[in-house]
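Numbered continuously in our numbering, the sequence shown closes out at residue 350.
Beta carbons are placed, not taken as given, at the ideal position from N, Cα and C, and that holds for glycine.
Shown next, in structure tokens, is the structure this report addresses.
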Amino acid sequence: MSSLSGKVQTVLGLVEPNRLGRTLSHEHLTMTFDCCYYPPPLCHEATSKEPIMMKNLFWIQKNPYSHKENLQLNQETEAIKEELLYFKARGGGALVENTTTGISRDVQTLKWLAEETGVHIISGAGFYVDATHSAETRAMSVEQLTDVLMNEILHGADGTSIKCGVIGEIGCSWPLTESERRVLQATAHAQAQLGCPVIIHPGRNPSAPFQIIRVLQEAGADISKTVMSHLDRTILDKKELLEFAQFGCYLEYDLFGTELLHYQFNPDIDMPDDNKRIRRVRLLVDEGYEDRILMAHDIHTKHRLMKYGGHGYSHILTNIVPKMLLRGITENALDKILIENPKQWLTFK
Ligand SMILES: [Zn+2]
Numbered sequence: 002m003s004s005l006s007g008k009v010q011t012v013l014g015l016v017e018p019n020r021l022g023r024t025l026s027h028e029h030l031t032m033t034f035d036c037c038y039y040p041p042p043l044c045h046e047a048t049s050k051e052p053i054m055m056k057n058l059f060w061i062q063k064n065p066y067s068h069k070e071n072l073q074l075n076q077e078t079e080a081i082k083e084e085l086l087y088f089k090a091r092g093g094g095a096l097v098e099n100t101t102t103g104i105s106r107d108v109q110t111l112k113w114l115a116e117e118t119g120v121h122i123i124s125g126a127g128f129y130v131d132a133t134h135s136a137e138t139r140a141m142s143v144e145q146l147t148d149v150l151m152n153e154i155l156h157g158a159d160g161t162s163i164k165c166g167v168i169g170e171i172g173c174s175w176p177l178t179e180s181e182r183r184v185l186q187a188t189a190h191a192q193a194q195l196g197c198p199v200i201i202h203p204g205r206n207p208s209a210p211f212q213i214i215r216v217l218q219e220a221g222a223d224i225s226k227t228v229m230s231h232l233d234r235t236i237l238d239k240k241e242l243l244e245f246a247q248f249g250c251y252l253e254y255d256l257f258g259t260e261l262l263h264y265q266f267n268p269d270i271d272m273p274d275d276n277k278r279i280r281r282v283r284l285l286v287d288e289g290y291e292d293r294i295l296m297a298h299d300i301h302t303k304h305r306l307m308k309y310g311g312h313g314y315s316h317i318l319t320n321i322v323p324k325m326l327l328r329g330i331t332e333n334a335l336d337k338i339l340i341e342n343p344k345q346w347l348t349f350k
């Protein structure tokens, strides 16, 4: 269909899909998250401005979005280079870097990290949630937004010649805003023309993923090449999850390593821990969806880096995979989830 057909597009150019190896489908290597700063409880305001130290680390782990420095992942490029080398040494091959416009995408840094580490990095085109849309973005028609997305994949992002290889994460709030709806429609239109992979960040409500898939379907998207991120915090009910799975999109459990008592962005949600995530993946495998599951950590703050006592980008390979084997998920299913599914998803049609 296009010159991209049958290939994966990384920040260093096109690669054969078989070269990727074990792939994390939703990560961030450089971004800022000030858009989602969450004010701390009144008596903790001083802590939110302190540098990260051992004595406040537990507080930051429990209130990650209330600590200003914690939201600046773009300050850790050297540490992240080391962590990517560690990931590679543990059998990692590739990752999708989902930072889009609005949270400080930096494709030049991604290119440098790919060159320095040999890890394949696929960058994301498009826009994060409405709260980060510029006045210019909000004023654009669906056609204009489609042009922006196609340009980032065909010619390069942010004024460079470094090209994105996936659309997303496309940010959606709950309720979905009009500007976000137009971006979703543009995503579907660009995907129909390019045959490219798409990845969505849904709003924090169990109805959000259903609504988003319907908007995409109506606009002509290829749902089989679309990932719904963050299912761990979005659809907690088993029956509802199996109903959603029938749409045929990829089902992503991408908050591995996140174990929170209080989920600041939606206090109604009890964030599942890793053991619960593993049980959910086992359920989906048992129900016949092993071709549709993807996994990642979605690291987007400093405290989850190994440098700050966090789990880092190798947690799934080092800790989750052995536990999954113990819980009856087969080696064969894990190869699908970590190698085959991301490869199929990322290959242009
Ligand atoms: Zn993300």
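From the options, residue whose alpha carbon lies closest to that of residue i
i      : options                           : result
Gly169 : Glu83, Tyr129 and Glu244          : Tyr129
Asp238 : Asp271, Leu30, Ile213 and Ala140  : Asp271
Lys303 : Ser3, Gly7, Leu74 and Ser67       : Leu74
Leu25  : Asn64, Glu116, Ile321 and Tyr290  : Ile321
Met229 : Lys277, Leu195, Cys173 and Ile279 : Cys173
Glu28  : Ile200, Arg139 and Asp269         : Ile200
Leu252 : Glu179, Leu284 and Ile163         : Leu284
Thr48  : Ser67, Asn342, Leu318 and Ala136  : Ser67
His263 : Arg106, Lys50 and Arg234          : Arg234
Glu291 : Pro343, Pro268, Pro273 and Gly258 : Pro343
Gly313 : Pro42, Leu86 and Leu5             : Leu86
Met54  : Lys89, Thr259 and Lys308          : Lys308
Lys89  : Asp107, Pro42, Leu21 and Gly289   : Leu21
Gly157 : Arg106, Asp131, Arg215 and Pro18  : Arg106
Ser135 : Asp159, Gly103 and Pro176         : Gly103
Ser162 : Gln145, Ser124, Val143 and Pro40  : Ser124
Lys112 : Arg328, His316 and Leu30          : Leu30
Leu96  : Pro273, Glu241, Pro18 and Glu181  : Pro18
Cys44  : Gly160, Tyr38, Trp60 and Met32    : Trp60
Tyr39  : Lys226, Asn57, Arg182 and Asn64   : Asn64
Leu243 : Pro210, Leu261, Asn267 and Asp275 : Pro210
Residue i: CB within 6 Å of a non-hydrogen atom of ligand 3
i     : result
Glu77 : Only ligand 1 can be found as ligands here, which leaves ligand 3 out of the picture.
For residue i, three-class secondary structure by DSSP
i      : result
Glu17  : coil
Met124 : According to the sequence displayed, residue 124 carries Ser and not Met. Three-state DSSP puts Ser124 in a strand.
Glu170 : strand
Ile200 : strand
Leu237 : coil
Leu195 : helix
Met307 : helix
Leu285 : helix
Ile213 : helix
Met272 : coil
Ile317 : helix
Leu177 : coil
Ile294 : strand
Asn342 : helix
Arg328 : coil
Asp299 : coil
Asn333 : helix
Ala189 : helix
Ile154 : helix
Beta-carbon proximity of residue i to residue j, cut-off 7 Å
i      : j      : result
Ile81  : Val12  : no
Ala187 : Ile154 : no
Ala334 : Val286 : yes
Ala191 : Thr147 : yes
Ile294 : Met325 : no
Gly249 : Ile224 : yes
Gly196 : Phe349 : yes
Leu306 : Gly93  : no
Asp255 : Ala297 : yes
Ala189 : Leu217 : yes
Arg139 : Leu339 : no
Gln10  : Gly166 : yes
Ala132 : Cys36  : yes
Trp175 : Arg205 : yes
Pro207 : Glu241 : yes
Beta carbon proximity, residue i to chain D, threshold 7 Å
i      : result
Trp175 : No chain D is present in this structure, which holds just one protein chain.
- For ligand 1, residues whose Cβ lies under 7 Å from any non-hydrogen atom: His27, His29, Asn99, Glu170, His202, Ser230, Asp299 and His301
- Query: Could you give the uninterrupted runs of the beta strand (DSSP E) lying entirely in the segment 7-71, keeping only those of 3 residues or more?
  - Reply: 9-11, 14-16 and 23-28
- Whole runs of the beta strand (DSSP E) within the segment 221-267, excluding any shorter than 3 residues: Along the length of the segment 221-267, whole beta strand (DSSP E) runs at least 3 residues long occupy 227-229 and 251-254, reported in chain order.
- Residue ranges of each beta strand (DSSP E) run of no fewer than 3 residues wholly in the segment 69-151, ordered along the chain? Entirely contained in the segment 69-151, the beta strand (DSSP E) runs reaching 3 residues are, in chain order, 93-98 and 121-126.
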